Amino acid sequence: MDNLEEKLAEERKRIQAIIAPEDMESRLRNALNNKAQERRKQPKRFSSLWKYAAVAMLSLMLIGYNYNAFAYYGKKLLGFDDIISGTLQELNEQGLGQAVDKSAQLIDGAILTIDGIMTDANQTIIYYTLSNDNGLENQANNNLLPTRITGFLTNLNLFTGVSMMNESQTELKGTWTFDSVSPFAKKLTLHFREHDGPNSMKEGSISFPYNPNKALQTQLKQSIRETVTVDRGTIRFQSISATPTSTVIEGKLDVDNFDRLHLGLHGIKLIANGEAIDILGSSVRSGTTFEITYDALPEQIDSLYLAIEEFIGYADIDKTIPLAQQTNDAYSIGGNELWIYGVETTSRGVEITFATEENVLLDNVSIMAGAEQISLRTTINHTEIDAGNDKKLRQRTMVFDTSEPPSSLYIGGVHYIKPYNIMIDIVN
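All residue numbers for the sequence shown refer to this note's numbering, where the first residue is 124 and numbers rise by one.
Pasting the structure below:
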């Protein structure tokens, strides 16, 4: 029995040491393509032979796609505790990533090392280190710019990045986040640019093996297909994809005034088991397609729903405010308040200084100057002021192209953050 266990242990070590050539995938693919072209030129009596050859090639490809299951490193990447937190830190503590340890020297002498990679259906996270014993002053000026990751059926764009320099300015550790990798990719290449003089850039890259079998598994993926009507359009929620690193909601926007205020999609909450999941970011592509990224969901999901608590709204107010006698009283505009601080004529024209609550934007504004209605030309001098009781106001100045004192201010409508409080069940 002892001899048998020793032989099994030796065989296990031998299997773990097997490394397939990096170009196996491309050679097999080329071989299959060449055989397919030759087959059209061969007599029919060879058709059976090529069938067996194709089966053999396919078997080799399947073996090639599974050999690297033994290469999973199963340990945490060191030195990134100050860079990552929360979910990503927990996953790194569990060793749920793939070691890479590939390096390239940059023009200024710094060494770029890809320490590891963590992937799932939502994103790809590169863990990297920049080091230079002579200092990394150039990197403070964004000398290194990652551009994309490529591979088989893979061409990933950079989403975001975060990094931290050590006290001696000789080492920088960080992460870059990209789109998700194709499950068929076996080799990836990180492409980057670095400054090669004042007005020129040099292309660089680092290639490394990738094990698709060790991508983190998707926890939940399903359609939503719910549409919410807001003041100036609709929001359609299409799908949810929850992985160990993040949760992504995808959908379509058709909202005329979506970009008029800064709230964006951050008033849309994801509630799991009665607790709000932290929002990590959001994006809108081509003006219509959106993604909202939240933190990972809990392992056990008893209830899950979207709460559209706040979103940009619009109110038609059709209000005229007399300017002949100014007071310190607030004017009501669509459920919000407006204060007028001063009206004066300058070299720029008539200027009206006013304040509103935060996230309030006036629309279709004009003044009456004599018998003429003058439309707003621009708004300048945006500042935040303290109104007391933890209340902030946004002060700015409207400029109109006239030198004649105005008698009244007209406001047609107002964009503002409106409570909607609409719920969409996902898991119940």
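Quick reminder that beta carbons are idealized off the backbone N, C-alpha and C, glycines included. The structure displayed is predicted, hence computed values, not measured ones.
Fully contained in the region 434–470 are the following beta strand (DSSP E) runs of length 3 or more, in chain order: 454–456 and 459–469. Within the same chain, and ignoring the five residues on either side of E432 in sequence, the residues whose Cβ sits closer than 8 Å to its Cβ are G390, I391, K392, P542, Y543 and N544. Proximity to I347 across I358, F477 and A338 peaks at I358, based on C-alpha coordinates.
Leaving aside the five residues that flank N289 on each side, none in its chain has a CB nearer than 7 Å to its CB.
Between L235 and L267 the beta-carbon gap is near 7 Å, inside 8 Å, which marks them as a contact.
The criterion of a C-beta distance shorter than 8 Å is not satisfied by I206 and T293.
Excluding five sequence positions before and after T468, the CB atoms of its chain that fall closer than 7 Å to its own CB belong to S526 and P528, given in chain order. Here DSSP, grouped into helix, strand and coil, assigns G209 to helix.
Checking the DSSP bridge columns, you'll see G374 partnered with F360 and F413.
F282 has its alpha-carbon roughly 22 Å from the corresponding atom of L343.
Residue pairing from DSSP places K325 in a beta bridge opposite E317.
Rounded to whole angstroms, the separation of the alpha carbons of D486 and Q448 is 23 Å.
Shown here, F381 sits in a helix according to DSSP, grouped into three states.
Contact between T366 and N245 holds: CB atoms are separated by about 5 Å, below the 8 Å threshold. Within the model, the alpha-carbon separation for T350 versus I435 is close to 16 Å. When the five nearest sequence neighbours on each side are left out, the beta carbons in the same chain lying within less than 6 Å of the beta carbon of S226 are those of I234 and T236, in order along the chain. Counting C-beta atoms within 10 angstroms of its own C-beta, V285 has fewer than 16 neighbours from the protein chains shown and is therefore classed as exposed. An exposed status is given to H385, since fewer than 16 other beta-carbon atoms sit within 10 Å of its beta-carbon. Nearest in C-alpha terms to T252, of all of T242, Q228, T270 and L429, is Q228. The C-beta of Y437 has 16 or more other C-beta atoms within 10 Å across all chains shown, which makes the residue buried.
Measuring C-alpha to C-alpha distances from N459 to each of H538, T443 and S362 identifies H538 as the nearest. Listed as beta-bridge partners of Q496 by DSSP are M491. Following the DSSP letters along the chain, one finds N544 inside the beta strand (DSSP E) bounded by residues S531 to V550. Excluding five sequence positions before and after A510, the CB atoms of its chain that fall closer than 6 Å to its own CB belong to L516, given in chain order.
Ranked by how close their Cα comes to the Cα of G404, the residues F477, E422 and E373 have E373 in first place.
If you draw a straight line from the Cα of D319 to the Cα of D382, it comes to about 38 Å. Judged by DSSP in its simplified three-state form, L214 adopts helix.
For K225, the enclosing beta strand (DSSP E) stretches over residues Q221 to Q228.
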